[in-house]
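Residue numbers (the numbering used here): 3 to 231. All C-beta atoms, glycine included, are put in the ideal place defined by N, C-alpha and C. A short worksheet on the structure shown next.
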Amino acid sequence: MDDILQVKNVTKYYSSGSVATKALNSISFSVRKGEFIAVMGASGSGKSTLLNVIAAIDKVSAGEIYVDGISLTEQKESTLSVVRRDKLGVVFQEYNLLDTLTVGENITLPLNLKHVGAAETQKELKRVADTLGIHDQLDKFPRELSAIITCPALVLADEPTGALDSKNAKLLMNCFEQMNQKLGSTILMVTHDPVIGSYADRILFLKDGNIWNELDRGGRERQELYRDI
Ligand code: ADP
Ligand code: MG
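Structure, rendered in structure tokens:
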């Protein structure tokens, strides 16, 4: 099975009082293992809703989502937690709680939460930092990198660079790129920034809850051109 993610006819309504908003309108797409995908679209087009239902943070109104072959729709909360823990790494713009930690501390946080010992944690941190070549960033790079340590099969990121200046945005994107190419993580990243979108192999464009276009960039011929803007 080469698909890490299958989204089949997913519809999502929000209802508040008597008003229902259709945030996703029967969306279908698949993501193969190892792809780097960007989801782009105007504000309100359904990008965050899509990520939230894939992250099992929110439930679909209709349709099916499979992460590594596991259907999210029929699972109990306990199974969903296991999927979140073992398959997914989630990076959100609003993850402010880790602001006071260094990059090294952010990266190792999931291990601390699992009560992994200090020596093993440092060993894992060194291994990840070696692979990604980010030793000199460990004490200063911003938050949001805790997804890295568990080498998740699927990284879900919602506007991950939204709160970063362009230098740190570039560092974060380089990190995602290394995770994708060296650790084999599949990346699904929401952005409204075309420069950030240019890191992806494939871009899905959302409009009013529909995928209205898809740009397949044919493997790794990314537009290096944009990198220094
Ligand atoms: P995007 O991330 O592309 O800006 P969202 O997925 O946040 O878009 O929103 C898609 C649509 O769903 C918008 O019309 C938005 O107003 C609506 N929406 C999002 N979250 C909620 C919510 N919790 N309750 C009601 N409507 C919502
Ligand atoms: Mg959003």
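C-beta contact flag for residue i and residue j at 8 angstroms
| i | j | result |
| --- | --- | --- |
| residue 33 | residue 6 | yes |
| residue 57 | residue 87 | no |
| residue 201 | residue 179 | yes |
| residue 218 | residue 47 | no |
| residue 156 | residue 69 | yes |
| residue 133 | residue 36 | no |
| residue 154 | residue 49 | no |
| residue 31 | residue 198 | no |
Extent of the continuous alpha helix (DSSP H) to which residue i belongs
| i | result |
| --- | --- |
| residue 56 | 49 to 56 |
| residue 179 | 168 to 184 |
| residue 59 | No alpha helix (DSSP H) holds residue 59; DSSP gives it neither H nor E. |
| residue 208 | Taken as a continuous stretch (DSSP letters only), residue 208 belongs to no alpha helix (DSSP H), being part of the beta strand (DSSP E) at 204 to 209. |
| residue 67 | Careful: residue 67 lies outside any alpha helix (DSSP H), inside the beta strand (DSSP E) at 64 to 69. |
| residue 197 | 196 to 199 |
| residue 159 | It is not in any alpha helix (DSSP H) - residue 159 instead sits in the beta strand (DSSP E) that spans 156 to 160. |
| residue 118 | From DSSP, residue 118 is part of no alpha helix (DSSP H); its letter is neither H nor E. |
With 16 other Cβ atoms within 10 Å as the buried cut-off, status of residue i
| i | result |
| --- | --- |
| residue 79 | exposed |
| residue 51 | buried |
| residue 171 | buried |
| residue 184 | exposed |
| residue 123 | buried |
| residue 120 | exposed |
| residue 114 | exposed |
| residue 84 | exposed |
| residue 130 | buried |
| residue 25 | buried |
| residue 99 | Only weak support exists for where residue 99 lies, its pLDDT of 38 falling under 50; the value from the coordinates is given anyway. Classification for residue 99: exposed. |
| residue 143 | Residue placement at residue 143 cannot be trusted, given a pLDDT of 48 that sits under 50; what the coordinates show is reported in the next sentence. Label assigned to residue 143: buried. |
Segment limits, beta strand (DSSP E) that includes residue i
| i | result |
| --- | --- |
| residue 192 | 188 to 192 |
| residue 218 | 212 to 218 |
| residue 74 | Residue 74 -> no beta strand (DSSP E), and no H or E assigned at all. |
Okay, do the stretch 50 to 65 and the stretch 13 to 24 touch, 3+ Cβ pairs below 8 angstroms being the bar?
By the C-beta criterion, the stretch 50 to 65 is judged to be in contact with the stretch 13 to 24, since at least 3 inter-stretch pairs fall below 8 angstroms.
The stretch 158 to 166 touching the stretch 180 to 194, judged by at least three CB pairs closer than 8 angstroms
Cβ pair count under 8 angstroms is three or more, so yes.
For the 8 angstroms Cβ check, are there 3 or more pairs between the stretch 35 to 45 and the stretch 195 to 215?
Yes, the stretch 35 to 45 touches the stretch 195 to 215.
Ignoring anything shorter than 3 residues, give me the beta strand (DSSP E) runs that lie fully in the stretch 18 to 44, in order along the chain.
Unbroken beta strand (DSSP E) stretches of 3 residues or longer found wholly inside the stretch 18 to 44: 21 to 34 and 38 to 43, given in chain order.
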